[in-house]
Amino acid sequence: MRQFLSVIVLASVASTERACDNGWLPFKNQCYWFSSGSDIFHNAVVICSNKGSNLIELKTAEEEKWVLLQSRIRRYTHVWIGLTDVVDEGIYVYPSNGLKPRYSNWLKTEPSGGRGENCACLHTEQRLWNDYPCSSRMSYVCKKPAKHFV
């Protein structure tokens with residue numbers, strides 16, 4: 001019986017890992033790709049799109065905590081997150097669908113609406129969001145749904 005359960009557990013783990021392409025990390029039925037360099041916001045959005053994914057859209061505190069852990073392991077200081085107010089100043093939306101986030105974790109004084117600060121990032125030391133100029137170069141994370149096997 002123990003051998004049978006071991007096989008089920010191992011098969012389950014292997015299935016989860018295969019649910020994401022090589023170089024992507026699984027978490028809660030999603031796959032995450034962490035950049036090895038930095039880029040401006042627009043380029044990060046395009047790179048993620050070319051990978052069949054979106055620039056990370058943080059949906060829960062639990063997801064944010066996991067992304068922070070992975071980011072700090074990689075020594076990221078700031079990470080682009082998929083929010084921008086380029087279309088409507090002060091109204092942050094996901095570029096992937098134009099919707100406002102249901103979850104947010106802004107610094108107390110942010111978003112400040114500063115001139116030219118139209119893109120959102122996660123500050124890994126403060127563990128909070130900030131608005132920054134989209135032309136700043138930062139690390140970024142792409143996210144896509146995990147593959148489901150039948």
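Numbering (the UniProt record's numbering), first residue to last: 1 to 150.
All C-beta atoms in this analysis are idealised placements derived from N, C-alpha and C, irrespective of residue type, glycine included.
Alpha carbons only, please: which of the options is nearest the one belonging to residue i?
i	options	result
Tyr40	Arg137, Asn50, Lys147, His148	Here residue 40 is Ile; the residue named in the question, Tyr, does not match the sequence. When each option's Cα is compared against that of Ile40, the closest is Arg137.
Ser36	Val67, Ser139, His148, Cys119	Ser139
Cys127	Gln70, Phe34, Phe27, Cys48	Sequence check: residue 127 is Arg here, not Cys. Among Gln70, Phe34, Phe27, Cys48, the Cα nearest to that of Arg127 belongs to Gln70.
Ser135	Lys143, Tyr92, Val86	Val86
Pro95	Ala19, Lys147, Thr84, Pro26	Thr84
Val79	Val141, Pro145, Lys147, His148	Val141
Tyr32	Ser38, Arg74, Ile47, Ile56	Ile56
Ile81	Phe27, Lys147, Val67, Asn50	Val67
Asn118	His148, Thr124, Asn29, Gly90	Gly90
Ala120	Tyr92, Pro145, Gly98, Pro26	Tyr92
Val103	Lys144, Thr60, Thr124	Per the sequence shown, the amino acid found at residue 103 is Tyr instead of Val. If we check each option's Cα against that of Tyr103, Thr60 comes out closest.
Run through DSSP, which three-state label would residue i get?
i	result
Lys100	coil
His148	coil
Cys20	coil
On the DSSP bridge assignment, give the partners of residue i in chain order.
i	result
Glu25	As written in the sequence, residue 25 is Leu, which differs from the Glu given in the question. Paired residue(s): Tyr32.
Discussion item. Using 8 Å as the cut-off, can you tell me whether the segment 129-136 makes contact with the segment 100-117, which would need three or more C-beta pairs spanning the two stretches below that distance?
Written reply: Touching, yes.
Worksheet item: What are the start and end residues of each continuous beta strand (DSSP E) run of 3 or more residues lying completely inside the UniProt domain "C-type lectin" (27-143), in chain order?
Response: Listed in chain order, the complete beta strand (DSSP E) runs (minimum 3 residues) inside the UniProt domain "C-type lectin" (27-143) are 30-34, 78-84, 119-123, 128-132.
Practice prompt. Inspect the CB distances between the segment 101-111 and the segment 43-52 and report whether three or more fall short of 8 Å.
Written response: Judged by Cβ distances under 8 Å, the segment 101-111 makes no contact with the segment 43-52, as fewer than three pairs qualify.
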